[in-house]
Amino acid sequence: MASVTTRPRKRSLFHLSLQRREAIACACFIAPAAFGFLAFSLFPLTTSAFLSLTDYRLAGRPHFVGLANYATLLSDNLFWQSVRVTSIYALAVVPLWLVNSLALAILMNQNLKGMHLFRTIYYLPAMLSGVAVSMLWIWLLNGRYGLVNIALRMIGIQGPNWLRDPRWALFSIIMVSQWSVGWYLPIWLGALQGIPTELYEAAEIDGSNWWARIRHITLPMLSPVIFYNLVMNIIWATQLFTEVFMMTGGGPRFATLAYMLYLYQNAFSYNKMGLATAMSWLLFIAVLLLTIVAFKSSPMWVYYEAERRRP
Amino acid sequence: MDRRSLTRRQFLCSSALLLAGAAAGACAPRPTAPPTAQPTPVAGATTASQAMAPTEPAAATPAPKLAGEIEYFTYDLGPANQSREQIAAAFQEENPEAKVKLTILPYGENWNKLSALMAAGTPPDVIYGDFSLLRYALEGQLLDLTEWFNNDPVLVQQDLFTVDMRDPLLAMFGTSRLYNLILGTWVPLLYYNKEIFDSAGEPIPTEKSTWDDVRTLAKKLTNLEQQQWGIQFGTTLDTVGWLWWEHQPDDFWAIPQIFPEKTNFDSPVGIDVLSFWYNLGFQDKSAVPFAEMGTFQAYGAAFGAGQAAMVVGGDWDSGWGYRDLPFEWGVTLIPMVKQGYRPALNCMVATSTIASATRHPELAWQFARFVSATVTGQTLIGLGAYETPVLKEAAHCDAVMKPEWAAPGYEYRVLAAELPGPMYCPYPLDMNLWEFPGKYLDPTVQQLSLGEVTPEQAAAYLDKEGTPFYAEMKKSMPPVK
């Protein structure tokens, strides 16, 4: 007698529980992003950690050299010069970005006729490519024909050779960086308009002046946004590249040799990928430490409306 | 007879295996031709040898049919780009089944892209460039052209060319193998602004001028109040190279950039070379300061703006660089050196190299030799006016240059290209092209020209910093294959 076997019934997708179906859908939606993260972030990140311990030169196989790349960097004068340049730049531009963009945002937050036009105008530089902006400033700051020096000459001042004089080159780059402070306008404006007007009205009734309102209402209420901008600015400041690459090439005499530019030169001009990846890891660690410091300090000066602090 | 059939499972398994095999095959590396592949005789292009030697074997042998597509990779040559397009078109006309795809990238970007393509194993077939490309040979990325060259009836006849086609390549690379083919030369020339000389009543420099004459003239023609300088120099690396060579041609291999084991600036000759910037920049103040170089709108910086009386520049400037300058200028050979001859960078040659990963080595080779060794190719190189052709028949033909570009100075380009003497190459081949000059030489020379350091201090610094750098670079490079 032939045995009768019963085949297990296949469970179609529709027979799965709602929870399982949701889990599958969730996985499907996450998959592209997860793949992108794995392939384009995690893999390069882990690979670069390994490559920083090798003498990888793009062509040929990498050979393990231990911490030699890190030791080379620590004894390289130009590495320290790039650290110095980037630190000065960051120390200068981070406060300038915050103060200037906030001041601009407060101005742009006034209820005046034509304000939308002004907001657009101030935001426009942020829309331009860094390369185009750099090209523009190269000519504006030209020591011989630049409009800046022509304007200075008209008032009897002989302007310096902005981008070619080691004493002025980094200052010029810092100056140029302020041109696109309009980038922060939407963030500041959003935050400013989120501050309840009752607070200002109450303060006015109590007789507080303009500065007191800024100091005691606006700034505390904006502190989460200030914190966000501070962290992002620190990160961006350490990424200085386009301006120096385009405008000075790191010169004159390394006066504008930014960290990222030196990293790029090691990687693509000198073909020292191992050394360049070591630099990128050192930068990562430095930025991480700065960010941790910023986060640790935030309870002292960042005010969250919904936050309940322990007594 | 039994009719055997596959089960569905077997069929699916077989299909999957076939598919996997096909996919694996598609992912396999591209087949490469063996570097020692024997060349076939030259194609039927109009060659110099046909014109000069009627019994040349190339004419008797039927040309092979060339088919396929190759990529010709070059940087942006400005007006000379057109000549590259014309060369590709002329080659395709002679070889209808061949296609040359031209890739032109901005200078600088092309080297980065090439590095990436080399690393990825998908390089272009034929690459235009200079000696710096030869470092890829160290990594086995370039096709060894020695046998192709030796079997070529035209290329081996050195008297057909303005330069020795073989020596610079062999000498510079330090091996017995050839990895690139010269298509043109770049030589330095001395340009002068005739109007500045005329108004000052000074005689223009000639072939008989010495470097001392040039220095004296430069000093006389400098008028800082009117922002006028006596002389302007090109890249530090090139100038250091040929000045060094001026002093010790017999010890040519001591040039620090070449086969460096240690830098040796701290010597009477080295001090003399470094004094050049110190004297002209700091003492005489007759050279255009480095800080001013990038501030001029005109092509050619201060010279182009009419604010420098003389400039040591490349021969391409007489071709197209200075053609639109709004003043009358002239050109001559750079001065005779102490040893009684003129330095010329006539191994500073433009070359074609072929990637070893090319799928069409024969086609790539024939294209490279079409550019270098045929009248058609060389005439078009001459028309491009970026390099001076190396084939004598093209180089000596006035018709090569467009009439409006021919004068002044084309004759000096050819003269300079044919100057006797050892070849000079400013670029170290087994190390990065720019690291030593960028990190050490240029900043030091700038300091010298400002008087911030003395030549002795500069020499000591360069030797101290440069020697470990050289040693390290040397150590990290793979052995020549």
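From first to last, the protein sequence lines stand for chains L and V. Each residue of the first sequence is one higher than the last, beginning at 48 in the working numbering. Each residue of the second sequence is one higher than the last, beginning at -18 in the working numbering. Note that the Cβ used here is the ideal one computed from N, Cα and C, for glycine as well.
Query: Short Cβ contact (9 angstroms threshold) for E78 (chain V) with G49 (chain V); Result: yes
Query: Residues bridged to W346 (chain V) (per DSSP); Result: Looking at the DSSP assignment, W346 (chain V) forms no beta bridge with any residue, so it has no partner.
Query: Local Cβ density within 10 Å of K46 (chain V), reported as buried at 16 or more and exposed below that; Result: exposed
Query: Alpha-carbon to alpha-carbon, V168 (chain V) and A397 (chain V); Result: 6 angstroms
Query: Residue environment, W310 (chain V), which counts as buried when at least 16 other CB atoms sit within 10 Å; Result: buried
Query: Counted within 10 angstroms of its Cβ, other Cβ atoms place R67 (chain L) as buried (16 or more) or exposed; Result: exposed
Query: Coil, strand or helix - N93 (chain V) by DSSP; Result: helix
Query: Neighbouring residues, chain L, relative to A272 (chain V) (Cβ below 9 angstroms); Result: G190, N208, R211, D212, P213 and P299
Query: Residue(s) in a DSSP beta bridge with G237 (chain L); Result: DSSP output for G237 (chain L) lists no bridge partner at all.
Query: Through-space distance from Q427 (chain V) to L188 (chain L), alpha-carbon basis; Result: 21 angstroms
Query: Local conformation of N161 (chain V) per DSSP, three classes; Result: strand
Query: I153 (chain L): first and last residue of the uninterrupted alpha helix (DSSP H) it sits in; Result: N124 to M155
Query: Anticipated Cβ contact below 8 angstroms, L162 (chain V) with R350 (chain V), distance rounded; Result: 7 angstroms
Query: C-beta neighbour in chain V for F218 (chain L), strict 9 angstroms; Result: no
Query: Contact check, T338 (chain L) vs A96 (chain L), beta carbons under 9 angstroms; Result: no
Query: Status (buried if at least 16 other CB within 10 Å, exposed otherwise) for K82 (chain V); Result: exposed
Query: Listed by chain order, chain V residues near L105 (chain L) by CB distance under 8 angstroms; Result: S96, A97, M99 and A100
Query: Beta carbon proximity, L310 (chain L) to chain V, threshold 9 angstroms; Result: no
Query: Inter-stretch contact (C-beta, 8 angstroms, three-pair minimum) for the stretch 155 to 166 of chain L and the stretch 272 to 279 of chain L; Result: no
Query: Whole-Å CB distance - M294 (chain L) paired with I234 (chain L), under 8 angstroms assumed; Result: Not quite, the Cβ-Cβ distance comes to about 27 angstroms (not below 8 angstroms), so this is no contact.
Query: Stretch-stretch touch, CB-based, cutoff 8 angstroms, three pairs: the stretch 188 to 198 of chain V with the stretch 345 to 363 of chain V; Result: no
Query: Minimum Cβ-Cβ distance from Q278 (chain V) to chain B less than 9 angstroms; Result: Although the question refers to chain B, the structure presented lacks it and instead comprises the protein chains L and V.
Query: Cβ-based neighbour list, V223 (chain L), same chain, cut-off 7 angstroms, excluding 5 preceding and 5 following; Result: W184 and E290
Query: Below-9 angstroms beta-carbon distance, L121 (chain L) vs any chain V residue; Result: no
Query: Residue span of the beta strand (DSSP E) that contains G285 (chain V), given as start and end; Result: First-last for G285 (chain V): A282 to G285, but that is the alpha helix (DSSP H), not the beta strand (DSSP E).
Query: Within chain L, the residues that N93 (chain V) reaches when beta carbons sit closer than 7 angstroms; Result: F315
Query: Cutoff 9 angstroms: E78 (chain V) Cβ touching any chain L Cβ; Result: no
Query: Chain-ordered chain V contacts of L125 (chain L) [CB-CB under 8 angstroms]; Result: K420
Query: Member of L:I332, L:L308 and L:R262 whose CA lies at the smallest distance from the CA of A150 (chain L); Result: L:R262
Query: Cutoff 7 angstroms; reference A482 (chain V); Cβ partners in own chain excluding five residues on either side; Result: Any property of residue 482 (chain V) remains undetermined from this structure, which presents chain V solely from -18 to 462.
Query: Own chain partners of F342 (chain L) with C-beta closer than 6 angstroms, once the 5 adjacent residues on each side are dropped; Result: none
Query: I281 (chain L) beta carbon less than 9 angstroms from that of L217 (chain L); Result: no
Query: Supposed close pair S122 (chain L), Y306 (chain L) - CB separation, criterion 8 angstroms; Result: Going by Cβ atoms, the distance from S122 (chain L) to Y306 (chain L) rounds to 17 angstroms, so no, they are not a contact pair.
Query: For W209 (chain L), three-class secondary structure by DSSP; Result: coil
Query: Neighbourhood of L194 (chain L) by C-beta, 6 angstroms cutoff - its chain only, sequence neighbours within 5 removed; Result: L187
Query: Partners in chain L for Q535 (chain V), counting only beta-carbon separations shorter than 9 angstroms; Result: Past the edges of chain V, shown from -18 to 462, lies residue 535 (chain V), and the structure says nothing about it.
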